[in-house]
Ligand code: COA
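In this note's numbering, the protein residues as written are 5 to 337.
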């Protein structure tokens with residue numbers, strides 16, 4: 005069979021950094037509370053009002069094209085996982101392609117919140133596996149600062165802005181690449197994590213703005229409980245399905261929502277902290293951006309044949325895991 009392999013990774017973070025100490029001056033919180041409850045020390049926040057999610061994504065994709073030595077014109081398809089699209093329509097994917105000059109690509113957005121990247125990656129891989137396309141770019145990008153109420157102390161401390169992207173190509177060795185995925189959704193979870201207005205149910209009005217209904221609404225505790233159970237379960241499930249023991253797993257790249265959720269997942273998988281990719285302390289939760297940004301940060305340490313488990317949980321609820329046998333050593337294929 006033709007397998008889809010990641011052949012390059014790109015990332016981008018806005019320059020401006022918002023630390024826990026900055027937040028102490030804005031809301032009733034402490035660096036100590038945020039660090040012990042979440043593992044986050046700082047996050048990047050775009051402060052240029054002219055910039056949007058597509059701008060971060062464009063930088064991440066340019067980074068990836070440069071590494072792989074390809075031109076944007078060579079991209080066949082670009083899928084963007086995001087819940088902070090530049091606008092309701094057209095899709096952010098279309099805007100990214102236009103800004104990049106990816107004139108031969110088509111694309112679309114995937115709305116799966118924090119699982120947006122893994123949903124997009126599993127979807128994009130299908131176009132490679134069927135033999136239809138040779139170069140598919142998968143983006144995970146979110147500018148969460150634009151939909152966060154910075155007076156809601158339980159929610160605003162968690163999120164940050166960022167974008168990551170990977171290139172998928174047919175693997176010359178069919179043992180390498182995306183080997184399996186398990187994805188789930190349960191719309192009943194929406195009550196605990198959603199945006200109340202701005203869609204067809206409650207279009208923007210003076211009332212929705214006055215009632216702060218265009219921000220993330222999150223009930224932290226039920227989200228936490230579902231995330232711990234579901235991310236751990238699905239990660240164990242994909243190992244079992246692929247006959248992987250904890251020794252076989254080289255890396256866990258788990259959605260960076262809360263260090264305690266990631267630790268619980270690693271524990272359920274029976275793997276030590278040395279196998280767990282972690283950058284939550286510097287970036288916070290960048291929603292669809294977290295997993296490609298982990299791959300970007302850890303790319304130099306990855307080796308051909310490494311077994312990676314990618315796991316995420318997010319609003320929807322959505323969750324899942326992807327098993328990848330990594331295709332190259334270090335920074336480039
Ligand atoms: N600083 C100081 N105190 C805070 C605070 C802050 N930033 N935010 C909340 N608190 C207070 C609460 O008011 C509460 O005080 P009380 O006991 O006097 O009422 C106390 O801390 C505990 O609040 P709680 O909401 O129970 O905290 P928590 O341990 O559940 O942590 C989250 C809150 C949001 C960090 C945690 O629930 C979480 O990570 N949830 C999952 C979120 C997530 O992953 N979302 C992304 C989608 S996957």
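Built from N, CA and C at the ideal position, the CB exists for glycine as well.
TODO: Write down every uninterrupted run of the alpha helix (DSSP H) in the region 193-264 whose length is 4 residues or greater and which is fully enclosed by it, in chain order.
DONE: 210-214 and 224-245
Open item on the list: Please tell me whether residue 109 and residue 15 are closer than 9 Å, where the distance is taken between their beta carbons.
Closed with: no
- [ ] Rounded to whole angstroms, what's the CA-CA distance from residue 80 to residue 142? Just pull it up for me.
- [x] 11 Å
- [ ] Tell me whether residue 174 sits in a helix, a strand or coil according to DSSP, three-state version.
- [x] strand
Task: Proximal residues to residue 263 (C-beta, below 7 Å), its chain only, five neighbours per side dropped - done: 42, 43 and 284
TODO: Measure the CB-CB distance between residue 318 and residue 120 and report whether it falls below 9 Å.
DONE: yes
Task: Straight-line Cα distance separating residue 135 from residue 299 - done: 25 Å
- [ ] Mark residue 161 as exposed unless 16 or more other C-beta atoms lie within 10 angstroms of its C-beta, in which case mark it buried.
- [x] buried
Open item on the list: By DSSP's criteria, residue 327 is part of a beta bridge. Which residues make up the other side?
Closed with: 184 and 313
Task: Residues sharing a beta bridge with residue 110, DSSP - done: 81
Open item on the list: the ligand COA and residue 47: does any heavy atom of the ligand fall closer than 8 Å to the residue's C-beta?
Closed with: no
- [ ] Taking only the alpha-carbon atoms, compute the straight-line gap between residue 288 and residue 163 and give it to the nearest angstrom.
- [x] 5 Å
Open item on the list: Can you confirm whether the region 252-272 touches the region 29-38 when touching is taken to mean that 3 or more C-beta pairs between the two stretches lie within less than 8 Å?
Closed with: no
Task: When 131, 291 and 323 are compared against residue 165, the one with the closest alpha-carbon - done: 291
Open item on the list: Looking at the strands, I want to know which residues DSSP matches up with residue 318.
Closed with: 322
Open item on the list: At a cut-off of 8 Å, would you count residue 86 as near the ligand COA, judging by its Cβ distance to the nearest heavy atom?
Closed with: no
Open item on the list: Quick check: residue 183 and residue 329, are their CB atoms within less than 9 Å of each other?
Closed with: yes
- [ ] Pair every Cβ in the region 196-209 with every Cβ in the region 233-248, then say whether three or more of these pairs are closer than 8 Å.
- [x] no
TODO: Consult DSSP for residue 32 and reduce its assignment to one of helix, strand or coil.
DONE: coil
Task: For residue 207 and residue 125, the rounded distance between their alpha carbons - done: 31 Å
- [ ] Could you give the DSSP three-state label for residue 190: helix, strand or coil?
- [x] coil
Open item on the list: Using the three-state DSSP reduction, which class does residue 13 fall into: helix, strand or coil?
Closed with: strand
Open item on the list: In this structure, how does DSSP classify residue 168 when only helix, strand and coil are distinguished?
Closed with: strand
Task: Test: residue 250 CB closer than 9 Å to a CB of chain D - done: Among the chains in the structure shown there is no chain D, since it carries only a single protein chain.
- [ ] Identify every residue that forms a DSSP beta bridge with residue 143.
- [x] 84 and 169
- [ ] Tell me, please, which residues DSSP counts as bridged to residue 21.
- [x] 48
TODO: Classify residue 155 as buried or exposed, calling it buried when 16 or more other Cβ atoms lie within 10 Å of its own Cβ.
DONE: exposed
- [ ] Say whether the region 168-183 touches the region 111-120, bearing in mind that this needs 3 or more beta-carbon pairs closer than 8 Å, one atom from each stretch.
- [x] no
TODO: Sort out for me which residues DSSP pairs residue 289 with in a bridge.
DONE: 163
Open item on the list: Let me check you understand the geometry: is the CB of residue 218 closer than 8 Å to at least one non-hydrogen atom of the ligand COA?
Closed with: no
- [ ] Check residue 92 in the structure and name its three-state DSSP category.
- [x] coil
Open item on the list: Taking the beta carbon of residue 259 as the centre, do at least 16 other beta carbons fall within 10 Å, making it buried, or is it exposed?
Closed with: buried
Open item on the list: Quick check: residue 185 and residue 129, are their CB atoms within less than 9 Å of each other?
Closed with: yes
Open item on the list: Just to confirm the assignment, what range does the alpha helix (DSSP H) spanning residue 296 have?
Closed with: 294-302
Task: Backbone CA spacing between residue 83 and residue 115 [nearest angstrom] - done: 11 Å
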